[in-house]
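Protein chains in written order, with my numbering: chain A, 154 to 430; chain B, 154 to 430.
Every residue, glycine too, gets a C-beta built ideally from N, C-alpha and C.
Remember, it's a predicted structure, so these values are computed and weren't measured experimentally.
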């Protein structure tokens, strides 16, 4: 078995399930194609049957033979032998949307949690959409006011499942006007890079580098570049002032290195652009 | 009469008209307080009577004795002697919201247009909200898809009334998720600074420097800082890749120098923050 950690497919929600299914197909391809063994975990949603059935249908249509769902409605489920066995066997695990707090509350510290980390380190592909994307980081946004300017008080954070260190992820990013809330989150600890993922868009991460796939963009917010902020001493509902935040807008095909905090521009692309300009 | 150009009060729409009326009061104060002579121009809206009556009521409540509205429904109106006389006498002119194209189409090159520029250069205060804010710049956004990632095709631009060179203004900024469309606008000519003004928020500009007032923030987008873009050769609906855009989030009280392209941080503020951190 490979000892390179598997890819992480982090989806901004509302991924296409009826048409080309570009993102879900890429997840399946990474997980082994037709021979993939996929487990869909519906723990985040309160409609596990409906949501589970929808993904069973789409993965079946894509041509995965071995796909199953399982729900976790209490922590007992999350310690069951059969659940752990399913994860042990899986080549790809998919987390649906819902509420990210359900994921960490119900799975945190259980046998499934341990199995997911172990298997991911061995090469299992892990995907998540919407709430399933948010939970990937060490610190996650659990609540936040959209469509407002940044203020510390508009965003609530909590520990995530720790698959990706050093980032805070937000989803439905452009569609729900979440710039202010993601800025509010990363400003509090500017070491964190903010990753705003649009709907039907995903980042595929391995070894600190991700590539974007899908229809929208991933917006990387680097508050480490700050030249000034009014954060020290700021109270919860004071307005944030942030000067010199660096912003990278990365549509499909573009790459970013999280460790270096820089986009990875292919030499050919740069050259082509220079020739044309 | 002063030969310093008057202040420009550029409002992101939906300014408070029932409560404290902070922004409208500041406009009145700059225009001379109770002795101000205010003209409200309703050219942008197709409901000039309703909109005009609303502003008459609020300026009256604030204590302005001399306030009148006038509408321009055709270019003939915009060349009338009485209209020009009203502008000549005004210490403050206020443009309501509506459609910014109506402003430039009906006023562009008319006697009112000339009178506005002349009087503004002599010190008359000029304010505009929403469409009345957009028209202030040399190039203005006239149409754009909100809540999407940047693509050139999502934003249409046209000449503005040229009161503020070197910027593109967008309003209702956080509330309508307009980061993508403003990025699409400024990326095309990164000399332009993007100014995204939130609702019930304004920038007050004089001599290349503005200060923010109101409840939200002004987001300054400086694509001049770009380290990479895929713009050369890009087609209308291709996704934009933009790396290294600088972002400044400025709530009430913060200042920015448009010519220097930098926030103006008060020495005391910086010192206080440093001491606390």
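Proximal residues to residue 175/B (C-beta, below 7 Å), its chain only, five neighbours per side dropped: Same-chain partners within the cutoff: 169, 366, 367.
Assign residue 158/B to buried or exposed, taking buried as 16 or more other Cβ atoms, counted over all protein chains shown, within 10 Å of its Cβ. With a threshold of 16 other beta carbon atoms within 10 Å, residue 158/B meets it and is buried.
Would you please state the rounded distance, in angstroms, between the beta carbons of residue 341/B and residue 295/B? I believe it to be under 8 Å. Actually they are not in contact, since the Cβ atoms of residue 341/B and residue 295/B sit about 14 Å apart, beyond 8 Å.
I want to see whether chain B comes within less than 7 Å of residue 416/A, judged by CB atoms only; does it? At a cut-off of 7 Å between beta carbons, residue 416/A contacts chain B.
Among 262/A, 386/A, 274/A, 389/A, nearest to residue 360/A - alpha-carbon criterion: Closest option to residue 360/A, Cα to Cα, is 274/A.
Please compile the residues from chain A whose C-beta is within a distance smaller than 8 Å of the C-beta of residue 321/B. Here the premise fails: no neighbours, minimum Cβ distance about 16 Å.
Who pairs with residue 312/B in a beta bridge, going by DSSP? Looking at the DSSP assignment, residue 312/B forms a beta bridge with 292/B.
First through last residue of the beta strand (DSSP E) which encompasses residue 350/A: Counting along the chain, the unbroken beta strand (DSSP E) around residue 350/A starts and ends at 346-350.
Terminal residues of the alpha helix (DSSP H) in which residue 267/B lies: Per DSSP, residue 267/B belongs to the alpha helix (DSSP H) from 264-275.
First through last residue of the alpha helix (DSSP H) which encompasses residue 253/B: Element bounds for residue 253/B: 253-260.
Roughly how many angstroms lie between the CA atoms of residue 279/A and residue 181/B, to the nearest whole one? Going from the Cα of residue 279/A to the Cα of residue 181/B covers about 59 Å.
Roughly how many angstroms lie between the CA atoms of residue 328/B and residue 194/A, to the nearest whole one? Looking at the two C-alpha atoms, the distance is approximately 34 Å.
Using a Cβ cut-off of 7 Å (strictly closer), state whether residue 407/A contacts chain B. Closer than 7 Å: yes.
Is any beta-carbon of chain A found at less than 7 Å from that of residue 364/B? Taking Cβ atoms only, chain A never reaches closer than 7 Å to residue 364/B, which makes this a no.
If you draw a straight line from the C-alpha of residue 400/A to the C-alpha of residue 238/A, how long is it? Separation of residue 400/A and residue 238/A (C-alpha to C-alpha, rounded to the nearest whole angstrom) is 42 Å.
Going along the chain, which unbroken runs of the beta strand (DSSP E) with 3 or more residues stay wholly within the stretch 202-245 of chain B? Qualifying beta strand (DSSP E) stretches, in chain order: 219-223.
Tell me the DSSP secondary structure of residue 374/B in three-state form. Here residue 374/B sits in strand by DSSP.
Cβ pair count under 8 Å reaching 3, the stretch 284-293 of chain B against the stretch 261-276 of chain B: No: the two stretches stay apart, fewer than three of their Cβ pairs being nearer than 8 Å.
Apart from the five residues just before and just after residue 179/B, which ones in its own chain have a Cβ nearer than 8 Å to its Cβ? Residues 162, 355, 357, 366 of the same chain have their beta carbon placed closer than 8 Å to that of residue 179/B, with the five preceding and five following residues left out of the count.
Measure from the C-beta of residue 338/B to each C-beta in chain A and report whether the shortest distance is under 7 Å. It does not; no Cβ of chain A falls within 7 Å.
Taking CB distances under 7 Å as the criterion, tell me whether residue 301/B reaches chain A. At a cut-off of 7 Å between C-beta atoms, residue 301/B counts as an interface residue with respect to chain A.
Interface flag, residue 297/A vs chain B, CB-CB below 7 Å: No, its Cβ sits nowhere closer than 7 Å to a Cβ of chain B.
Helix, strand or coil: how does DSSP classify residue 427/A here? Only weak support is given to the placement of residue 427/A: the predicted model assigns it a pLDDT of 37, under 50, and the question is left unresolved by the model.
How long is the line joining the alpha carbons of residue 345/B and residue 271/B, rounded to whole angstroms? Spanning the two alpha carbons is a distance of roughly 25 Å.
CA nearest to the CA of residue 379/A, picked from 235/B, 214/B, 403/B: Here the closest residue by C-alpha is 403/B.
Assuming residue 311/A contacts residue 257/A under a Cβ cut-off of 8 Å, what Cβ separation, rounded to an integer in Å, is found between them? The beta-carbon distance between residue 311/A and residue 257/A, rounded to whole angstroms, is 7 Å. This is short enough to meet the 8 Å contact definition.
Enumerate in chain order the residues of its own chain whose CB-to-CB distance from residue 426/B is below 7 Å, with the five nearest sequence positions on each side excluded. Reliability fails at residue 426/B, whose pLDDT of 44 lies under 50, so the model's placement of it is uncertain and the value that follows must be treated cautiously. Taken in chain order, the list of residues that qualify is empty.
DSSP beta-bridge partners for residue 283/B? In the DSSP assignment, residue 283/B forms no beta bridge with any residue.
On the CB-based measure, 16 or more other CB atoms within 10 Å of its CB, does residue 213/A come out buried or exposed? With fewer than 16 Cβ atoms within 10 Å of its Cβ, residue 213/A is classed as exposed.
For residue 226/B, is the classification buried or exposed, using 16 other Cβ atoms within 10 angstroms of its Cβ as the cut-off for buried? Residue 226/B comes out exposed.
Keeping to the same chain, check which residues put their C-beta closer than 7 Å to that of residue 423/B; ignore five residues upstream and five downstream. The pLDDT assigned to residue 423/B is 45, lower than 50, so where the model puts this residue is not dependable; a value taken from the coordinates is nonetheless given after this. Excluding sequence positions up to five before and after residue 423/B, its CB lies less than 7 Å from no other CB in the same chain.
If you draw a straight line from the C-alpha of residue 177/B to the C-alpha of residue 362/A, how long is it? In a straight line, the C-alpha of residue 177/B is about 49 Å away from that of residue 362/A.
Residue from 394/B, 395/B, 375/B whose Cα sits closest to the Cα of residue 410/B: Out of 394/B, 395/B, 375/B, 375/B has the C-alpha closest to the C-alpha of residue 410/B.
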